[in-house]
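Student:
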Amino acid sequence: MRIITPVAIHAMLIILIACTYAPEATPAENGTIKTCFSMQEDCETRLAELISSSAHVKTALYDLDAPRIITALKDKDTDLLIDEDNYEDYGQEIKSPGLMHNKFFILHNASGNDYVITGSTNPTRNGFLKNDNNMIIINSLTLANNYEEEFYELKEGRASRKTTYTRIIFNGHELENYFCPEDNCEDEVLEELEAANESVHFMTFSFTSDNIGKLLMKRKEELDIKGVFDKSQSASNREYSEYPWMKEAGMDVKLSDGKGKMHHKVFIIDNKTVITGSYNPTASGNAKNDENMLVIREPAIVEKYLKEFERVWSES
1 MRIITPVAIH
11 AMLIILIACT
21 YAPEATPAEN
31 GTIKTCFSMQ
41 EDCETRLAEL
51 ISSSAHVKTA
61 LYDLDAPRII
71 TALKDKDTDL
81 LIDEDNYEDY
91 GQEIKSPGLM
101 HNKFFILHNA
111 SGNDYVITGS
121 TNPTRNGFLK
131 NDNNMIIINS
141 LTLANNYEEE
151 FYELKEGRAS
161 RKTTYTRIIF
171 NGHELENYFC
181 PEDNCEDEVL
191 EELEAANESV
201 HFMTFSFTSD
211 NIGKLLMKRK
221 EELDIKGVFD
231 KSQSASNREY
241 SEYPWMKEAG
251 MDVKLSDGKG
261 KMHHKVFIID
271 NKTVITGSYN
281 PTASGNAKND
291 ENMLVIREPA
301 IVEKYLKEFE
311 RVWSES
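Here you go:
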């Protein structure tokens with residue numbers, strides 16, 4: 001009879017543990033990424049058409065009142081989650097310690113192509129017609145799976161867990177996906193800002209994170225930093241907003257001057273990276289609300305966000 005020595009057993013255990021806990025390979029995909037900016041394009045029609053062309057829809061929304069979107073959703077096999085503050089007897093009401101602040105759609109098509117739509121846009125009349133917003137449409141099975149996991153956590157009231165694939169190689173460029181509070185979105189933003197070499201441009205509806213604000217003020221002499229805050233972040237909100245402190249420190253920041261809200265939640269770093277999603281840089285956005293965030297490095301998409309920043313900046 002062959003005797004297995006303790007050394008051999010130890011070696012086999014090491015191999016078994018290594019196989020069990022080895023990190024999964026980063027998924028790689030090719031697909032399309034498209035954008036829509038509410039004050040420049042008809043994002044309501046675009047979204048309604050995308051919904052109408054899909055076979056099944058899963059969506060988690062903070063608010064919903066745009067008639068065309070409601071009609072499109074009701075015409076489809078739709079699973080809708082909506083925050084308790086805006087629930088009106090359609091879909092499933094979501095109650096949570098903070099806000100269920102997401103604005104995402106997962107579209108399943110008969111062809112097997114899955115799309116994720118997210119960004120800052122609440123599908124409401126104001127969201128489409130009055131407020132500065134962005135919407136991003138990505139054809140990615142991996143992202144769709146990430147968002148579907150988050151969807152069912154919300155739907156079933158399960159404890160949040162870390163996102164399965166926070167990094168994807170998409171069209172040859174790294175794309176990152178995070179959900180708050182489980183993935184600590186603030187830390188991911190801080191990491192990107194720490195790594196900035198040339199510039200940071202931002203458009204933020206609500207910006208009260210002292211950690212992010214202090215980092216930007218610390219780096220104001222070495223980076224080209226420009227930012228637009230929604231007009232609600234004026235001196236009247238001084239106790240919490242980062243705007244007054246940045247303005248007093250001589251930083252190049254402005255208040256929006258549009259007819260509605262400047263509702264973007266966007267950072268553009270070194271003209272190479274865009275951060276967008278539902279996450280506002282606030283304590284609640286990071287630790288209390290249900291939020292989602294993307295970090296995108298595809299040059300053509302970064303260029304589109306830069307043009308939107310330049311438009312908002314020039315009009316503020």
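Using this note's numbering, the first residue of the sequence shown is number 1, and each one after it goes up by one.
Backbone N, C-alpha and C fix where the C-beta goes; we use that ideal spot for every residue, glycine too.
(1) To the nearest angstrom, how far is it from the Cα of Leu134 to the Cα of Glu149?
(2) If you follow the beta strand (DSSP E) that Phe37 is in, where does it begin and where does it stop?
(3) How many angstroms separate the CA atom of Gln40 from the CA atom of Glu191?
(4) From the DSSP output, which residues share a beta bridge with Thr282?
(5) Candidates Tyr62, Leu50, Asp83, Glu84: which alpha carbon is nearest Thr71's?
(6) Which value, in whole angstroms, describes the spacing of the CA atoms of Tyr21 and Thr164?
(7) Given a threshold of 16 other Cβ atoms within 10 Å of its Cβ, counted over all protein chains shown, does Pro97 qualify as buried or as exposed?
(8) Following the continuous alpha helix (DSSP H) through Asn126, name the residue where it begins and the one where it ends.
(9) Quick one, are the C-beta atoms of Ala28 and Phe170 less than 9 Å apart?
(10) Less than 6 Å between C-beta atoms, sequence neighbours within five positions excluded: which residues of the same chain meet that for Gly157?
(11) Tell me whether the beta-carbon of Val228 lies closer than 9 Å to the beta-carbon of Val312.
(12) If contacts are defined as beta-carbon pairs under 8 Å, then Ile69 and Leu47 qualify, I think. What distance do you get, rounded to the angstrom?
(13) Between the beta-carbon of Ile269 and the beta-carbon of Leu306, is there less than 9 Å?
(14) Could you check the C-alpha separation between Pro181 and Glu291 for me, to the nearest Å?
(15) Should Ala110 go down as buried or exposed, given a rule of 16 or more other Cβ atoms within 10 Å for buried?
(16) Taking the Cβ atom as the reference point for each residue, do Asp85 and Leu99 lie within a distance shorter than 9 Å?
(17) Do three or more CB pairs link the region 247-260 to the region 136-156 at distances below 8 Å?
(18) Just to confirm before moving on: does the CB-CB distance between Ser278 and Thr118 stay below 9 Å?
(19) What do you get for Pro123, buried or exposed, if any count of 16 or more other CB atoms within 10 angstroms of its CB means buried?
(20) Hey, which unbroken runs of the beta strand (DSSP E) at 3 residues or more fall wholly within the region 225-292?
(21) Assign Asn177 to buried or exposed, taking buried as 16 or more other Cβ atoms, counted over all protein chains shown, within 10 Å of its Cβ.
(22) Where does Asp187 sit, in a helix, a strand or coil, going by DSSP?
(23) The alpha helix (DSSP H) with Asn122 in it runs from where to where?
(24) Report all residues from its chain with a CB closer than 8 Å to the CB of Lys162; omit the five preceding and five following residues, and keep chain order.
(25) Does Lys220 come out as helix, strand or coil in the three-state DSSP assignment?
(26) Can you list, in chain order, the residues of its chain with a C-beta nearer than 6 Å to that of Tyr87? Leave out the 5 residues immediately preceding and following it.
(27) Along the alpha helix (DSSP H) that carries Asn146, what are the first and last residues, could you check?
(28) When you compare the CB positions of Asp230 and Leu193, do they come within less than 9 Å of one another, or not?
Tutor: For this structure:
(1) For the purposes of this step, residue 134 is taken as the residue at position 134 of the sequence shown. For the purposes of this step, residue 149 is taken as the residue at position 149 of the sequence shown. For clarity, residue 134 is Asn in the given sequence; the question names Leu instead. Cα to Cα, the separation comes out at about 23 Å.
(2) If you number the sequence shown from 1, residue 37 lands on position 37. Where Phe37 is concerned, the enclosing beta strand (DSSP E) stretches over 33-37.
(3) Mapped onto the sequence shown, residue 40 falls at position 40. Mapped onto the sequence shown, residue 191 falls at position 191. Computed Cα separation, rounded: 31 Å.
(4) Counting from 1 along the sequence shown, the entry for residue 282 is found at position 282. Partner(s): none; Thr282 has no beta bridge.
(5) Mapped onto the sequence shown, residue 71 falls at position 71. Looking at the Cα atoms, Leu50 is the closest of the given residues.
(6) Along the sequence shown, one-based indexing puts residue 21 at 21. Along the sequence shown, one-based indexing puts residue 164 at 164. Note that Tyr21 has pLDDT 43, beneath the 50 cutoff, so the model's placement of it is unreliable and the number below is only indicative. Within the model, the alpha-carbon separation for Tyr21 versus Thr164 is close to 14 Å.
(7) In the sequence shown, residue 97 corresponds to position 97, counting from 1. Pro97 comes out exposed.
(8) Within the sequence shown, the letter at position 126 stands for residue 126. That run of the alpha helix (DSSP H) goes 125-129.
(9) Taking the first residue of the sequence shown as 1, we reach residue 28 at position 28. Taking the first residue of the sequence shown as 1, we reach residue 170 at position 170. Contact flag set, yes.
(10) By 1-based counting over the sequence shown, the position of residue 157 is 157. Within the same chain, Gly157 has no close Cβ partners at all.
(11) Indexing the sequence shown from 1 puts residue 228 at position 228. Indexing the sequence shown from 1 puts residue 312 at position 312. For Val228 and Val312, yes; Cβs fall inside 9 Å.
(12) Here residue 69 is taken as the residue at index 69 of the sequence shown, counted from 1. Here residue 47 is taken as the residue at index 47 of the sequence shown, counted from 1. Between Leu47 and Ile69 the Cβ distance is about 6 Å, and since that is below 8 Å, they are a contact.
(13) The residue labelled residue 269 in the question sits at position 269 within the sequence shown. The residue labelled residue 306 in the question sits at position 306 within the sequence shown. No. Outside cutoff.
(14) Your numbering for residue 181 matches position 181 in the sequence shown. Your numbering for residue 291 matches position 291 in the sequence shown. Their Cα atoms are separated by approximately 7 Å.
(15) Mapped onto the sequence shown, residue 110 falls at position 110. Exposed is the call here.
(16) In the sequence shown, residue 85 corresponds to position 85, counting from 1. In the sequence shown, residue 99 corresponds to position 99, counting from 1. In this structure, Leu99 lies closer than 9 Å to Asp85 by Cβ.
(17) no
(18) The residue you call residue 278 lines up with position 278 of the sequence shown. The residue you call residue 118 lines up with position 118 of the sequence shown. The answer is yes: Cβ separation under 9 Å.
(19) As a first step, residue 123 must be located in the sequence shown, where it is residue number 123. With 16 or more neighbouring CB atoms inside 10 Å of its own CB, Pro123 falls in the buried class.
(20) 252-255, 265-269, 273-277
(21) Looking up residue 177 in the sequence shown gives position 177. By the 10 Å Cβ count, Asn177 comes out buried.
(22) As a first step, residue 187 is located in the sequence shown; it is residue number 187 there, counting from the start. Of the three classes helix, strand and coil, the one that applies to Asp187 here is helix, per DSSP.
(23) Translated into positions along the sequence shown, residue 122 becomes position 122. Note, Asn122: premise wrong, no alpha helix (DSSP H); not H, not E.
(24) For the purposes of this step, residue 162 is taken as the residue at position 162 of the sequence shown. Answer for Lys162: Glu182, Asp183, listed in chain order.
(25) Locating residue 220 in the sequence shown gives position 220, where the first residue counts as 1. It is coil, neither helix nor strand.
(26) Here residue 87 refers to the residue found at position 87 when the sequence shown is read from its first residue. For Tyr87, where only same-chain residues beyond five positions count, the Cβ hits under 6 Å are Glu93.
(27) Here residue 146 corresponds to residue number 146 of the sequence shown, with the count starting at 1. Segment 141-156, the alpha helix (DSSP H) holding Asn146.
(28) Position 230 of the sequence shown holds residue 230. Position 193 of the sequence shown holds residue 193. No, the Cβ-Cβ distance between Asp230 and Leu193 is not below 9 Å.
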